[in-house]
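Notes follow once the structure below has been shown.
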Amino acid sequence: MKLQEKNKINIYFNEYNLLMGSGGVTYLPLVSGILSANAKKNTRIKQNFKFHPFVFKPDTAENIVNNYYKTTPHIASFSISMWNEQLSLKVAKILKDKFNTLIIFGGASCPHHPTDYFEKYPFIDIAIRAEGEDAFNQVLLRYLASKNDFSKIANVAFRDKKSKKCIINYEKNNSTKDLDMYPSPFLSGEYDYLIPDGKDHKYQVIIETNRGCPFLCTYCYWGRGGNTTKYKFHSLERVFAEIEWIASKKIQYILNADSNFGMHRRDIKIAEKLVETKLKTGYPDKFRTTWGKNTSEQIFKIAKMLHTHDLEKGITLARQTNSEEALKIVKRDNIKLEAYSDLERKFNYLQIPVYAEMIMGLPGETYKSWIDGLGSLLDSNINNQIFIYQAQVYPNTELNEASYREKYKIKTKKIELQETHCSPKEQEWLNEYEEIVVETSTMTVDDWKKRNLFSVALMVLHSFKVGFYVMNYLSNEMKISGKDFIKFICDKANKSKHPFIYTNVIKRIEEWSNNMLKGRGRPILDLKYSDVYLDIETVIFLEISEKYVLFYKELKDLVKNLIGRDRWEKNFEIINEIFMYQNLRMPRINDKDTKLNLKYNISEYLLYLGSNQKVKLEKCENSIQTVNTKNYGTNYWEFTKKKIIWARKSDKIKNEIDYDNKILEKVRKMERDKFNETDELGPEEYKIKMFDKLHKFNKYDSLETKRR
């Protein structure tokens, strides 16, 4: 029986997302949209429930209830993650106390075995475990029938009305590989009220083309929490239609929620569709994804295509650790590191940005294995970025299980959650928290601090490039490894001879580690530099950017001590030019194109260090000049956003120079020659031809071969 509109059961979806910058950019609520679209396909549910606008912008709990809950909420669902759990709990409690609302929790941070959670939060009525579409519909239908009997609904835990205890239904849904049985929230119109046609907006989107992950990494929700080790797929027709919808709404940024994009043969067709749509409409501008493992050739082709059309800032290689023992303990030893190394070499040769992600604090990792592992990355000529993250403990992962923690003596610290590159919360907003590993059976707290020091120093010197060229010269000519270079600076920089480096690098990192042990968050808010939270390595880099002359004076002294007086004096002229070149490549807030006269072929030598083409240092008077620099005046926020945040993963932090651009144009010509194109081909025509042919190109020729 269909209820009249005023008598319908009111349902509200809560999925509080992050705000990114002062402009208020945020993601559309994907989980809420999926649940809403799927529920409406059921005639009984659609006829008897009223679906209210999504509640997804963060605020105080009181403001959320007062501003969004316009009619009595009979049911309120909450999709919780670590960035919104506390806010969700407080809103839910207010709703329960004020309206006796039926409270439904789900999402990555909702425990799959929530007995203790229900005891701690007595206002929660239902927890949906893992995938929620079928379970959510069954809850709504059961609510229509009885309002309080939720027994035997697969993937559901509920509070028994009489005993008030948590009862877990261990039944599982019948698995299907066809995800198209669940309607698309984009195509069903769930978000149309938020983005009317032709209207400006500040939304980004998350899409999924499949669900599942065959890997069982103990720190990851994908491998354990979602019961999704087997893949399920949306049809290509649906994925293509969603991409077209995104373009029609002029949405610039897509975050792909797939666990291993590029592992499936059909993924290349999705990449082609993204390129085709961007060429036709200009949207989407960027496509961010988590790349697959162990399938380097196909990933190489797809990533190369996306990079050619500026859809991907940089290619992520999620190594996580190079320790064989740690890889075994976290169940990642079936992922071949050789596949990553192969990709690194291929991307390096074509000057395609690549960055390696590493996790610090995994069980089985020692201080020595950690710095040795990072050292091996430096030795393998990672030309772009190494990102280093703290090991986090998430609900519904093996890393979070008591037996696993006990086995590897894992100790953690709960710290304030402050999401990097997101806006600071208003003072009256609730704090959210994350849990990080600070001690294991193979890592003391002191080891953790030493790892922090080495890791952040590495990112400053290598990834932000402030010591990149010096480090590569020392490695190539004097056989001083990047690891030893960084460790020497960490160990030997002192307050009397190197006060700037000691204060702004060494002591700042040590203070940062101590603050986390006190519960402070990882990122740093410095309103001089940005209106969003920044990583510590970013803040250190920005401070160095104001004092390059002082920084390089002290770094020179450290290098002199590292290599010894004899080698210093013998190679002083070359080393001095290496430092001049290093300084020239560093961005400044008020940059201008600058010319540098050199006595050695420094530019050629340094450009080819990451390739098979080796160039000897030799006398060769020449001049180089920076190009396309920009003067930001005193606007640090703009400088930080465009030259640092946007540029980091795309390897555009360092200043361009005319010499490199000439060589890269030759590389681009080689690419055109592979497709029998001519130099006269116009840029737009060239783009389209590249789209048509790039994915068919299988043979890989190194820069060395082409130069011959």
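Heads up: the sequence shown begins at -18 in our numbering, then just goes up one per residue.
Glycine included, C-beta positions come from ideal geometry on N, C-alpha and C.
Start-end ranges of the alpha helix (DSSP H) lying completely within the stretch 114 to 149, minimum 4 residues: 114 to 126
What are the start and end residues of the alpha helix (DSSP H) that includes Lys698? Any answer about residue 698 is impossible in this case: the structure gives the chain only from -18 up to 689.
Mind checking which residues open and close the alpha helix (DSSP H) that includes Met497? Arg489 to Leu498
Roughly how many angstroms separate the alpha carbons of Lys633 and Lys624, rounded to a whole number? 7 Å
Pairing CB atoms from the stretch 574 to 587 with CB atoms from the stretch 598 to 612, are three or more of them under 8 Å? yes
Asn475 by DSSP, collapsed to three states: which one? coil
What is the C-beta distance between Phe469 and Leu531, in whole angstroms, given that I count them as a contact (C-beta under 8 Å)? In fact, because the Cβ distance is near 19 Å, the residues do not count as touching under 8 Å.
Between which residues of its own chain and Glu397 is the CB-CB distance below 7 Å, once the five residues before and five after are set aside? Asn412, Tyr414, Gly500, Arg501 and Gly502
Gln408, buried or exposed, once every other Cβ within 10 Å from all chains shown has been counted against 16: exposed
Where does Asp353 fall in DSSP's three states? helix
Reference Tyr389, options Met452, Glu346 and Lys180, closest by Cα: Glu346
Can we say the stretch 32 to 46 touches the stretch 193 to 204, given the rule of at least three CB pairs closer than 8 Å? no
Euclidean distance between Cα positions of Ser62 and Ile638: 44 Å
Identity of the residue in Thr289, Ile555 and Ile369 nearest Lys597 by Cα: Ile555
Measure the CB-CB distance between Glu114 and Tyr151 and report whether it falls below 8 Å. no
Which listed residue (Lys394, Val120 and Ile188) has its alpha carbon closest to that of Gly342: Lys394
What residue does the alpha helix (DSSP H) around Gln563 start on, and which one ends it? Phe553 to Leu565
Let me know if Lys77 comes out buried or exposed under the rule of 16 or more other beta-carbons within 10 Å of its beta-carbon. buried
Using beta-carbon positions only, say whether Phe630 and Gln366 come within less than 8 Å of one another. In the sequence as displayed, the identity of residue 630 is Lys instead of Phe. In this structure, Gln366 lies closer than 8 Å to Lys630 by Cβ.
Trp64 versus Ser90 - alpha carbon distance: 10 Å
Using CA coordinates, which residue listed in Lys27, Thr96, Asn(-9) and Arg25 is at the minimum distance from Tyr50? Asn(-9)
Which same chain residues, not among the five before or five after Tyr172, have their C-beta less than 6 Å away from its C-beta? Leu9
Assigned secondary structure, Gly14 (DSSP; H/G/I helix, E/B strand, else coil): helix
Residue from Gly88, Tyr(-3), Phe221 and His93 with nearest C-alpha to Val46: Tyr(-3)
Length of the line joining the Cα atoms of Arg269 and Glu257: 17 Å
Buried versus exposed call for Gln28 [16 or more other C-beta atoms within 10 Å across all chains shown]: exposed
What residues are listed by DSSP as bridge partners for Glu(-14)? Note: Glu(-14) sits in no beta bridge, so no partner.
What is the C-beta distance between Thr607 and Leu565, in whole angstroms, given that I count them as a contact (C-beta under 8 Å)? 6 Å
Supposed contact pair Ser58 and Leu16 - C-beta distance, whole angstroms, cut 8 Å: 7 Å
In angstroms with no decimal places, state the Cα-to-Cα distance between Met1 and Ile505. 15 Å
According to DSSP, Asn604 sits in a beta bridge with which residue or residues? A quick correction: the sequence has Ser, not Asn, at residue 604. In DSSP, Ser604 forms a bridge with Asn578.
The stretch 462 to 479 touching the stretch 425 to 443, judged by at least three CB pairs closer than 8 Å: yes
Quick one: residues in its chain with C-beta nearer than 7 Å to the C-beta of Gly88, no 5 flanking neighbours on either side, listed in chain order? Val12, Ser60, Ile61 and Ser62
Please go through the same chain and pick out, in chain order, the residues whose beta-carbon is closer than 6 Å to the beta-carbon of Ile487, but skip the five residues on each side of it. Ala474
Among Glu400, Trp549, Ile605 and Thr423, which residue has its Cα nearest to the Cα of Lys643? Ile605
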